[in-house]
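Using our numbering, read the sequence shown as starting at 2 and increasing by one per residue. Where a beta carbon is used, it is the ideal one built from N, C-alpha and C, also for glycine.
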Amino acid sequence: MKLNKIAILSLFIVLICFIGAASATEDVNSTVIADSGIDEVNAVGLEGSCAGDSDEINQLDINQNTEETNTLSVSGTNVNAGSWTTLKTYSEKYDDDYIIKLTGTSYTPNNQINFKNSATIIGTANSYITAGTYTGTPFINTDSSLTITFINVTFRDMSVTNLLELAGTNNLQNCNFYNITAATGHNAVIYNTDGTMNLANCNIVDSSAGYGVVSNYKAGTYTGVVMNVDDCTFVRNSASVEPGAINNCGILYVNNSKFINNTAEWWAGAIHTHYNAQTVINNSIFEGNDAGWNGGALYTYSTLKVYNSIFKKNKCHTNIGGGAIGASRWWGGNYDITIENCTFEENENCNTNGNGGAITAMNSGALNVHDSTFINNKAKNGQAIAAFSQAFENITAGIPNLKVYNNYFYNHTQTTSDTVEISGNYTFENNTFTNCYQTNLGTNNVIINPVTLNSNNLILKSNKESLLMSSFSENILKEAPNVIYVDVNSENDPESDTTTGKDWSTAYGTDIGINFALGNIADNGIIYLANGDYVRININDPKNITLIGQSKETLLSFRSDVYGAGAPNATYTFINMTIYHGVTKKGAHYNNYERNMNFINCSIIGDITIEKALSEADQSHVEEYGYGQTYAINFNNCEFKDITTENGVITLYKYGLTNFNNCTFENITADSIVAKTGDYYLDDGIYFKECKFNNCNVKGIVDVPGAADIETYCVIEDCDYDFDANLNVETTDNHNYVNATKLKVVAVETNTSISSSEKGIVTITVKDAEGNPVSNVNVNYTVNGENKTGITDDSGNLKVSDLTGEGEIKAYFEGNENYLKSEGSYKYNFTETTPTPDTNSSTNGTSGNGTSTNTGQTTTNTPKITKKATKITAKKATFKAKKKTKKYTIVLKAGKAAVKKVKVTLKVGKKTYKATTNSKGKATFKITKLNKKGKYTAVIKFKGNKNFKATSKKVKITVKK
2 MKLNKIAILS
12 LFIVLICFIG
22 AASATEDVNS
32 TVIADSGIDE
42 VNAVGLEGSC
52 AGDSDEINQL
62 DINQNTEETN
72 TLSVSGTNVN
82 AGSWTTLKTY
92 SEKYDDDYII
102 KLTGTSYTPN
112 NQINFKNSAT
122 IIGTANSYIT
132 AGTYTGTPFI
142 NTDSSLTITF
152 INVTFRDMSV
162 TNLLELAGTN
172 NLQNCNFYNI
182 TAATGHNAVI
192 YNTDGTMNLA
202 NCNIVDSSAG
212 YGVVSNYKAG
222 TYTGVVMNVD
232 DCTFVRNSAS
242 VEPGAINNCG
252 ILYVNNSKFI
262 NNTAEWWAGA
272 IHTHYNAQTV
282 INNSIFEGND
292 AGWNGGALYT
302 YSTLKVYNSI
312 FKKNKCHTNI
322 GGGAIGASRW
332 WGGNYDITIE
342 NCTFEENENC
352 NTNGNGGAIT
362 AMNSGALNVH
372 DSTFINNKAK
382 NGQAIAAFSQ
392 AFENITAGIP
402 NLKVYNNYFY
412 NHTQTTSDTV
422 EISGNYTFEN
432 NTFTNCYQTN
442 LGTNNVIINP
452 VTLNSNNLIL
462 KSNKESLLMS
472 SFSENILKEA
482 PNVIYVDVNS
492 ENDPESDTTT
502 GKDWSTAYGT
512 DIGINFALGN
522 IADNGIIYLA
532 NGDYVRININ
542 DPKNITLIGQ
552 SKETLLSFRS
562 DVYGAGAPNA
572 TYTFINMTIY
582 HGVTKKGAHY
592 NNYERNMNFI
602 NCSIIGDITI
612 EKALSEADQS
622 HVEEYGYGQT
632 YAINFNNCEF
642 KDITTENGVI
652 TLYKYGLTNF
662 NNCTFENITA
672 DSIVAKTGDY
682 YLDDGIYFKE
692 CKFNNCNVKG
702 IVDVPGAADI
712 ETYCVIEDCD
722 YDFDANLNVE
732 TTDNHNYVNA
742 TKLKVVAVET
752 NTSISSSEKG
762 IVTITVKDAE
772 GNPVSNVNVN
782 YTVNGENKTG
792 ITDDSGNLKV
802 SDLTGEGEIK
812 AYFEGNENYL
822 KSEGSYKYNF
832 TETTPTPDTN
842 SSTNGTSGNG
852 TSTNTGQTTT
862 NTPKITKKAT
872 KITAKKATFK
882 AKKKTKKYTI
892 VLKAGKAAVK
902 KVKVTLKVGK
912 KTYKATTNSK
922 GKATFKITKL
932 NKKGKYTAVI
942 KFKGNKNFKA
952 TSKKVKITVK
962 K
C-alpha cells in the first residue's frame, strides 16, 4: 500500500463519517482508583495460565533490516553524523531540512532531540542507537507541520520514558527496535501523538511498555491520529497493562504484518482498539499472543475490520474471553466487528469457565463473521465463537447483534458445549461443521460427523465445503472445489454431454459413474454418492478427494495403492457411508489401503489390510521415487461391527499409522483389533483414544511383534470396555497383546461447602462423596462478584480472609479426570460482633444435578479485633509545570496484603486531594493546581478504620519548566 493513498483514504473516511470525537479517557472508569484512562504524553512512570505452545515460535528468525534502501521521497541537505551531538545539532536546526546519514557505529543519547526541521535520519548496517545516560524521551516532535523520517535505523537495548514521541507526519521504514523498555505508565516505544505515522517493514522485538510498545493516541480526538503499519513484525513484546503491541485510540491500518508471542497483563495480547477508534487489518498473522484478561490477540469496544488474516494459538485467561478476539460494550462504546476470510486455529480461552475459544462478543454490539475457517479452538463455552449478555463492572448489558454465515468449523471436540454458542439477535446460516459439537442447528447449516446429532439429522449441501485432510488440523482445503454427484442406480450415461453431475438429476449414473467422477473431479474436489453399492473401485488418482455418502446405505468397497499413481501424498476422505469388505450380491469387495486416508462417521464392515508402501527389501525404490514414508489412516467417530476373522480386524504393515478417535468396536471375533506386522518406521504407530469395545472376543486390542517398542508406538487410552482391561502386556508365541496403555479414570462425585467459624474468614471445603478431602485442586470463587482463584490444602480447605461487612462468596470446582465438578455459595455478615447464621448451599457433582442446603455455623465467642499496621509506599516525583493534570500513585499495604477500597488523602501546598485504593492497594491522585516551578513537600495520609491502623508519609514533589 502506498503511503500517499493511505493518507487520502484516511482523510476520506474522516470526511464521510459523522462520528463525535471523544477522548480515549472516556472508555475507562473515571473514578480515581488507579491505572485508569489514557494519560497525557510524557506521563510519569508508575511502579508497578495455560501452558504456552510457543517453543517453535520462540525460534522465529527476525530478518533484521540492514539494507540501505529508501523508497520514500525525501528532500533536504545531505549531511553526515558520527555522534549523538552531531545528530542532535542537525535535527534541531531551523534553517533547512536535513538528510542525516549515520556514519558512526554506536549512538548513545545523553539528552533529548527536539526536532525543528523535517529531518530524515538514515542508518547503515553497522550503526545503531543504544542506551546512554539519558532515560527520558530521546526523540520528540511537537510541531505538527514537520515530517520526520527514519530509514534503516536500528534501536536496541534502551530504557526510556518514550523512545519516539512524534507529532506531524512521520515515516519509519526498514527500522529495527530490539529490547526497548519504555515506562510503565501510558508510555510507548513508538508514540504517535498527532497526525499520520507510517511504519513500513519494521521489526519491534523483545520490547515492553505500560500500554503497548506502539501507541496511536491524541487527547480529545480519535480522528487526529492515523497510523499505517505495513509489512511489520512484532515479536515477544509485552505490556504491564495492555496491549502487548499496538494501543489504538485513533485510526489504524495494519497490512501484511506479523504479531508473534506478544503478551499483556490485562487485555489484548497484540492490538487494543479503544472507544470510538477504528482498526482495519488485512493479510496479517497473529500467533502465540497471550492476554491475562480478554482478547488473546485483539480486544475492542469499537470498530474492528479483519480480512484475510490468520489467528493461531492465541490465548486469554478470563471467563469473558476471546482466545483470539474479544469484544464487549464499554460505557457508551459498542463494538462493530467484521471478520472475513480469516482462519482461526488452536486458539484457547484457558479459564475453566471461559467463553469463546476464538471469538467472544459480549452485550450490545455488532459481529459479522463470514467465509472464515475455525479449526480446533478451545473454550468451556462456545469452543469457536461465544456471544452473550452479562452485566459486568462498567459494562452495561445489551443484546449482541450477530451474523455468522458461510464459515467452516473443524474438530471442536474438547468439551460438550456448542462450537458456536450464541444468543441475542442473530443470523446463523450456511455454515459447515465437521467433527464438531453443535446443537444449535441454525438455518441451512451443514453438519458432517455430528458428535451430538445422529445420522438422520445430517444435512448435505453442495455449497463450497472444504473438508479435512490428512492431519485434520493442518491441511484445510481453502479453495472452492468442484462438486460431482454420482448415483449408481441412475441410468445417466457418464460419457453423455447432458450428464453434468451438478446435482442429483444430472448425476453420473451406472456402475462406472464413480470411475468417471474420480477421473474428472478437480484436486480438492467433493464427490457425493447416492445410496447404493459401489463395488471394487480402484482409487489411485493423484489428487486430494473427498467422498460423502447420502447415508450409511451408501456402500463402498475400494482399494488404493501407491505404485505408479504419482502424487503419493494425496489424501482421500470418506464421510457418512459404510465401507464394506467381504462379499455382497455384487461380488467380493476390496480391502487394501496404501494411501493417506480419513474416515469420518463411517461404518466399517469386514477386515482391512493397510499395506506397506513398498517392499522392505526394495530400498532402491525409496531412492528413486522418494516416498518410503508413513501413511496415516485416520478413523474418527466410526463404528466397526459384526466382523469375524482369524487374524486382526486391521492388519498394519510397516510404513503405516492408524488413529482411532471416538470409535466403537462391536460384535468382533478376531485375534486382535490391530495386528502389527514387522517393525516400526519413524512416524509409524497405533493410537486409540476414547474408543468403546463391546462384545469383542479378542486376545488383545493390539497385537505387537515381540521386538517392537510398545511404549513409543502404541497408545490405547481413555477407552471403555465391557471386560476387565488392564495395562499388562500378554506375550504369546512372540506376540505382545495390549488392551490399554492408560485406563480411563471414572470421576467421583464431589461436594463443595462453605462455612465460617471466625470473623473475617470463610473456608471453602471440597470433599468427595465419601467425605475424603480433595486436596491440591484449583477452586474458582467470587467475593461479591470479584473473580478469584485458589488451591485447596491437604484437608481440602481454601481459606478466604480479610472479609468485612456483608457479602456473598460463590465457589466453583471445575472438576478433573478424577473428580466431578461441584459448587457452593455462602452469605456472610461480619458487621456484628457475633455473626448470625447464614445459608450455605452446595451442589454435588452428580452430573451437575442434586443440591443440598446446609446451615452456616454460628459462633458464640466474641473475637477480639486487632488492627493491622499499614504502610504507604510513595516515591518522590518530578512534573512539568505546563502539564495541567499531574497523576501521582501510591500503594497502601498491611504487611504483604493490599489494603483495598479505602480513602487516602494527599496534601500539597494548600490543596488536599482524595483517592481510593484499588484491589492492589494502589491509589492515584489527580493533582490539578500545582503549576508554579519549585519543590514541595506532600503529605499522604490514611486515617485508618476498624481493621487497619492509620499511617502517613511525606514525599518531595518537584515542578519544573
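Cβ separation of Ile485 and Ile528, assumed to be a contact under 8 Å, to the nearest whole Å: Right, the Cβ-Cβ distance comes to about 5 Å (below 8 Å), so this counts as a contact.
So is Gly550 buried or exposed if we call it buried at 16+ other beta carbons inside 10 Å? It is buried - the Cβ of Gly550 has at least 16 other Cβ atoms within 10 Å.
Under 8 Å between C-beta atoms of Asn829 and Leu804: Going by the sequence as given, residue 829 is Tyr instead of Asn. Yes, they are a contact pair.
Would Val405 pass as a contact of Phe429 if the rule is Cβ separation under 8 Å? In contact: Val405 and Phe429 (Cβ atoms closer than 8 Å).
Measure the C-alpha to C-alpha separation of Lys259 and Asn284 and round it to an integer number of angstroms. Cα to Cα, Lys259 sits roughly 9 Å from Asn284.
Provide the residue span of the alpha helix (DSSP H) that contains Lys89, from first to last. In this chain, the alpha helix (DSSP H) harbouring Lys89 covers 85–92.
Per DSSP, Val763 is paired with what? Val801.
Can you give the Cα-Cα distance for Asn199 and Asn350, rounded to whole angstroms? Their Cα atoms are separated by approximately 33 Å.
What would DSSP say about Gly806, mapped onto helix, strand or coil? DSSP, read as helix, strand or coil, puts Gly806 in coil.
Could you round the C-beta distance between Ala328 and Ala292 to whole angstroms and report it? I think they count as a contact, below 8 Å. Not really, about 13 Å apart at Cβ, beyond 8 Å.
Which partner residues does Ala292 have in the DSSP bridge list? Answer is Ala265, Cys317, bridged to Ala292.
Opposite Met578 in the DSSP bridges: which residues? According to DSSP, which records beta bridges pairwise, Met578 is partnered with nothing at all.
Check whether the segment 640–658 touches the segment 485–497, counting contact only when three or more Cβ pairs, one atom from each stretch, lie closer than 8 Å. The segment 640–658, when compared against the segment 485–497, does not touch it at the 8 Å Cβ threshold.
List, from N- to C-terminal side, the beta strand (DSSP E) runs of 3 residues or more that fit wholly inside the segment 497–554. Within the segment 497–554, the runs of beta strand (DSSP E) that reach at least 3 residues and sit entirely inside it are, in chain order, 526–530, 533–539, 546–550.
Since Asp704 is in the beta strand (DSSP E), which residue starts that stretch and which ends it? Segment 701–706, the beta strand (DSSP E) holding Asp704.
Please name the residue, chosen from Arg237, Phe666, Tyr632, Ala676, that lies closest to Asp685 on a Cα-to-Cα basis. The shortest Cα separation from Asp685 among Arg237, Phe666, Tyr632, Ala676 belongs to Tyr632.
Just to confirm, are Asn383 and Gly358 a CB contact at a threshold of 8 Å? For clarity, residue 383 is Gly in the given sequence; the question names Asn instead. In this structure, Gly358 lies closer than 8 Å to Gly383 by Cβ.
In whole angstroms, what is the alpha-carbon distance linking Leu931 and Tyr937? So the two alpha carbons sit approximately 10 Å from each other.
Would you grab the beta carbon distance between Glu341 and Asp372 for me? Rounded to a whole angstrom, and I think it's under 8 Å. 6 Å between Cβ atoms; contact.
What number of angstroms, rounded off, separates the C-alpha of Asn432 from the C-alpha of Asn249? In this structure, the alpha-carbon of Asn432 lies about 32 Å from that of Asn249.
In angstroms, rounded to a whole number, what distance separates the CA positions of Gly289 and Val230? Cα to Cα, the separation comes out at about 20 Å.
Beta-carbon proximity check, Asn599 vs Asn541, cutoff 8 Å: No, they are not a contact pair.
Determine the burial state of Lys944: buried for a count of at least 16 other Cβ atoms within 10 Å of its Cβ, exposed for fewer. Answer is exposed; the Cβ neighbour count stays below 16.
Applying the 10 Å Cβ sphere with the 16-neighbour rule, what's the burial state of Lys503? Exposed, since its Cβ has fewer than 16 Cβ neighbours within 10 Å.
Ends of the beta strand (DSSP E) at Lys915? Element bounds for Lys915: 912–917.
How long is the line joining the alpha carbons of Ile20 and Tyr409, rounded to whole angstroms? Interpretation of Ile20 is limited by its pLDDT of 32, a score under 50 that renders its predicted location unreliable; the figure taken from the coordinates is listed afterwards. So the two alpha carbons sit approximately 35 Å from each other.
Taking 8 Å as the cut-off, does the segment 688–706 touch the segment 653–670 (at least 3 CB pairs, one atom from each stretch)? Result yes; three or more Cβ-Cβ pairs closer than 8 Å.
Coarse secondary structure for Thr713, derived from DSSP in three states: Helix.
Environment of Thr890 [buried if 16+ CB atoms lie within 10 Å]: The residue is buried, with at least 16 neighbouring Cβ atoms inside 10 Å.
Does the segment 213–225 come into contact with the segment 250–257, if we say contact requires no fewer than three beta-carbon pairs (one atom in each stretch) closer than 8 Å? Contact between the segment 213–225 and the segment 250–257 is present, because at least three Cβ pairs lie under 8 Å.
Own chain partners of Leu255 with C-beta closer than 6 Å, once the 5 adjacent residues on each side are dropped: The sequence shown places Val at residue 255, not Leu. The residues are Val230, Ile282, Ser285.
CA nearest to the CA of Ile149, picked from Ile941, Gly169, Phe156: Residue Gly169 is the option with its Cα nearest to Ile149.
According to DSSP, is Arg330 helix, strand or coil? Correct three-state label for Arg330: coil.
Same chain, Cβ closer than 6 Å to Thr182, five either side skipped, listed in chain order: Taken in chain order, the residues that qualify are Ser160, Ser209.
Helix or strand or just coil, what does DSSP make of Ile873? Residue state for Ile873 is assigned as strand, using DSSP reduced to three classes.
Since Ala965 contacts Gly355 with CB under 8 Å, what's their CB separation in whole angstroms? Any answer about residue 965 is impossible in this case: the structure gives the chain only from 2 up to 962.
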